[in-house]
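Numbering (the UniProt record's numbering), first residue to last: 1 to 179. Heads up, the thing below is written out as structure tokens.
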């Protein structure tokens with residue numbers, strides 16, 4: 001595993017890569033409030049052994065990337081999608097396969113719509129779709145979205161409140177048996 005910080009203007013994005021840069025690139029994009037380490041090393045290493053060049057990174061306000069005061073994030077979801085392209089550019093790639101989990105899947109779709117030539121394929125895991133292309137595909141349970149909207153008013157400097165929110169998020173995201 002190799003570490004690299006991609007810098008663009010005042011934004012620093014911490015990244016890690018696995019495998020041979022000459023192989024097909026895959027960028028792993030984790031969900032909200034989750035750093036790159038949520039993609040296990042063993043998973044990344046196995047993908048690399050299968051002939052892929054694997055890159056995982058920390059979103060802003062996670063891990064070792066640029067962070068802001070709690071509740072003061074001066075960026076939008078669209079700008080987080082632009083960060084994916086910053087990572088692609090930072091590695092000198094023309095395009096990459098995007099694998100997104102939750103918010104990472106949402107960001108992957110935004111990148112594909114805004115920068116279609118930069119995306120070789122999309123793999124979406126536990127992610128809401130952007131369009132109603134397949135009416136037979138179920139949408140997210142509105143209770144999940146409502147729960148996560150609480151993050152906007154959460155006091156991110158209150159450790160107990162953040163832990164309680166995260167535990168609740170894992171419960172609701174894990175399905176009705178755990179709610």
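Virtual Cβ for every residue (Gly too), placed ideally from N, Cα, C.
- Below 8 Å, enough C-beta pairs join the region 79-98 and the region 20-30 to call them touching: three or more.
- According to DSSP, residue 121 shares a beta bridge with 97.
- In the DSSP assignment, residue 12 forms a beta bridge with 7.
- Around the CB of residue 77, fewer than 16 other CB atoms lie within 10 Å, so the residue is classed as exposed.
- Rounded to whole angstroms, the gap between the alpha carbons of residue 154 and residue 70 is 9 Å.
- Rounded to the nearest whole angstrom, the CA to CA distance from residue 165 to residue 46 is 33 Å.
- In the three-state scheme derived from DSSP, where H, G and I count as helix and E and B as strand, residue 40 is classed as coil.
- Taking all protein chains in view, the Cβ of residue 43 is surrounded by fewer than 16 other Cβ atoms within 10 Å, so the residue is classified as exposed.
- A direct Cα-Cα distance of roughly 39 Å separates residue 2 from residue 142.
- Taken atom to atom, the span from the alpha-carbon of residue 122 to that of residue 111 is near 10 Å.
- About 13 Å separates the Cβ atoms of residue 62 and residue 102, ruling out a contact at the 8 Å cut-off.
- The three-state reading of DSSP puts residue 56 in strand, counting E and B together.
- For residue 25, the beta-bridge partners assigned by DSSP are 53.
- For residue 18, the pairing in a beta bridge is given by DSSP as 54.
- 41 is the residue among 67, 68, 41 and 75 whose C-alpha sits nearest the C-alpha of residue 56.
- Beyond the five residues adjoining it in sequence on each side, residue 58 comes within less than 8 Å, by CB distance, of 13, 14, 15, 35, 36, 64 and 65 in the same chain, given in chain order.
- The alpha-carbon separation between residue 87 and residue 49 amounts to approximately 22 Å.
- Shown here, residue 2 sits in a strand according to DSSP, grouped into three states.
- CA-to-CA, the gap between residue 168 and residue 149 works out to about 13 Å.
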